[in-house]
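End of the sequence shown sits at 394 in the numbering used here; the numbers just go up one at a time, nothing left out. The beta-carbon is built from N, C-alpha and C at its ideal position, and this holds for glycine as well.
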Amino acid sequence: VSNFLYSAGGFIIAVGVLVTFHELGHFSVARLFGVKILRFSIGFGRPLWRRQYGVDQTEFVVSLIPLGGYVRMLDEREGEVAGMERDRAFNRQSLLIRSAIVVAGPFANFLLAALLYWIALVIGIAGFS
């Protein structure tokens, strides 16, 4: 039973790290281009923790089911947007900027993999020679 709990815990932590890096990719590029971020969420379901930070009062959330996440951006397709914020809506960005935001998530995972492989190469892994 304890072996299962260690494996399940390790799986949840690994998925949590991967999801966090993936969503940080979307988040950072969207912020770079001035898109307003409404929510940065790790997990789905009932929120266990939530805080609002920053000028835009972005809501940061950690939810009960840690098997995914999302970044909710301001978007006119999801509701009305105030006139002065329209330029910050995702759907108002150029195709190139929207593409960069979408690709940034998988690219962040690629960078994480490269970093972890580099660390394994430089430091090594216990039990391997």
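For Val320, the secondary structure class from DSSP, reduced to helix, strand or coil, is coil. DSSP lists Val326 as the beta-bridge partner residues of Arg315.
Taking 8 Å as the upper bound for CB-CB distance, Gly344 and Ile307 are not in contact here, some 23 Å apart. Per DSSP, Asn356 lies in no alpha helix (DSSP H) segment and is marked neither H nor E. The Cβ-Cβ distance between Pro312 and Ser293 does not fall below 8 Å.
Here Leu332 carries a strand assignment [DSSP, helix/strand/coil].
By the 16-neighbour rule on beta-carbons within 10 angstroms, Pro371 is exposed. For Glu343, there is no enclosing alpha helix (DSSP H), as DSSP marks it with neither H nor E. Burial is judged here by how many other beta carbons sit within 10 angstroms of a residue's own beta carbon; Met349 has fewer than 16 and is exposed. From the listed residues Val326, Leu283, Phe269, Leu339, the smallest Cα separation to Ile302 is found for Leu339. In the three-state reduction of the DSSP assignment, Phe305 falls in the strand class.
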